[in-house]
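Note that the sequence shown covers residues 1 to 269 in the UniProt record's numbering. All C-beta atoms, glycine included, are put in the ideal place defined by N, C-alpha and C. The structure appears below as structure tokens.
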Amino acid sequence: MKSAKYWIKLTLCALAVYNVTIIDLPFPLVLYKKLLNKGKIDLDDMKSLSPTIYLSLKSLLNYTEDDLESALCFAFVIERDCFGETREIELKPGGSSIMVNQANKREFVDLYIDYIFNKSCEMQFQAFSTGFRRVINSKPLELFYPDELMLFVGNTHYDWNEFQKKTEYKGEYHANHRVIQWFWQVFHKMNEIEKKKFLLFLTGSDRVPVFGWSQTLPMTIQRSYTDDIHLPASHTCFNILDLPTYSSKEILKTKLLEAIQHNQGFNLV
């Protein structure tokens with residue numbers, strides 16, 4: 001059942017790539033390295049998975065004192081939680097009796113990385129890979145580098161001016177309407193994190209297609225016949241924003257930020 005679940009997820013991911021559809025699946029680069037079997041998996045890949053473990057392993061490699069073995073006192077094992085019970089897994093045969101020292105610390109880090117990204121998830125990854133390749137032929141995939149394939153799941157380059165240009169208006173709203181001008185003044189003063197939260201609020205994803213805004217439905221802003229106490233609402237399937245005719249820019253700003261900051265305020269339709 002577990003492998004079937006992973007197979008289904010990667011099949012859906014592959015269908016999204018095939019149809020140039022945005023999906024909110026922020027997989028790390030290492031997954032695409034494994035899918036394409038390109039690029040060395042190393043300590044840097046741990047940074048996106050667990051910054052804490054990355055820093056710990058980095059500190060281990062940078063430690064130059066001769067008392068490493070006595071100072072750290074750990075062996076070639078990794079602790080894993082298994083249904084609430086902590087288990088020790090040897091990284092190599094007899095690992096529980098081999099202490100990490102200056103001579104073998106690089107081997108320890110390499111085995112640790114290999115276990116995390118390969119051995120510990122072998123079954124799940126095989127199901128992922130099978131589902132992905134069932135939709136997308138392996139031959140075209142060979143043309144891509146991992147970072148290029150990663151872009152197809154969602155671009156992280158945002159041209160907010162282009163986003164505004166592509167926006168459409170419905171009903172009595174138009175580009176020069178007072179409330180619309182307030183909206184864009186507020187939007188462009190948001191920081192990058194807030195803008196991405198707005199995008200997530202509007203579309204269900206904080207990413208844009210690999211080929212930019214032209215590959216997705218433009219945002220449509222329409223009037224919501226409510227008053228100052230109500231929040232904006234979004235129709236994520238159609239990228240439609242219901243924007244009340246607020247009586248001031250300050251109220252618009254307050255309500256818009258409240259909507260994107262709190263799930264309860266999203267009012268997704």
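Beta-bridge partners of ALA233 (DSSP): ASP242. Closest by C-alpha distance to THR226, out of GLU122, HIS262, PRO244 and CYS121, is PRO244. By DSSP's assignment, CYS82 forms a beta bridge with GLU85. The beta-bridge partner set that DSSP reports for LYS170 consists of GLN222. By the beta-carbon neighbour count (other beta carbons within 10 angstroms, threshold 16), ILE193 is exposed. Secondary structure at ALA175: coil, using DSSP grouped into helix, strand and coil. Our two residues, LYS196 and ASP67, have alpha carbons roughly 47 Å apart in a direct line. For VAL30, the uninterrupted alpha helix (DSSP H) segment begins and ends at 29 to 36. Taking C-alpha positions only, TYR169 is separated from PHE238 by approximately 13 Å.
Within the same chain, and ignoring the five residues on either side of TYR145 in sequence, the residues whose Cβ sits closer than 7 Å to its Cβ are LYS38.
VAL77 sits in a strand when the DSSP states are folded into three classes.
For the stretch 48 to 133, the full-length alpha helix (DSSP H) segments reaching 4 residues or more read 51 to 62, 68 to 72 and 105 to 117 along the chain. Separation of LYS255 and ASP159 (C-alpha to C-alpha, rounded to the nearest whole angstrom) is 24 Å. Secondary structure at GLU142: coil, using DSSP grouped into helix, strand and coil. Excluding its 5 nearest sequence neighbours in each direction, ARG80 has C-beta neighbours in its own chain below 7 Å: ARG87 and ILE89, listed in chain order. With a cutoff of 8 Å on beta-carbon distance, PHE132 and ILE98 are scored as not near each other. A residue is called buried when at least 16 other Cβ atoms come within 10 angstroms of its Cβ; LEU49 does not meet this threshold and is exposed. According to the DSSP assignment, ILE193 belongs to the alpha helix (DSSP H) that extends over 192 to 203. Using a Cβ distance threshold of 8 Å, LEU29 and ASP45 count as a contacting pair.
Less than 8 Å divides the Cβ of LEU57 from the Cβ of TYR112. Of the residues HIS262, ALA259, LEU257 and LEU36, the one whose Cα lies closest to the Cα of LEU143 is LEU36. By the beta-carbon neighbour count (other beta carbons within 10 angstroms, threshold 16), THR64 is exposed. When rounded, the separation of the alpha-carbon atoms in GLY84 and THR52 is 21 Å. Contact annotation, GLU172 with ARG207: C-beta distance approximately 32 Å; criterion of less than 8 Å not satisfied.
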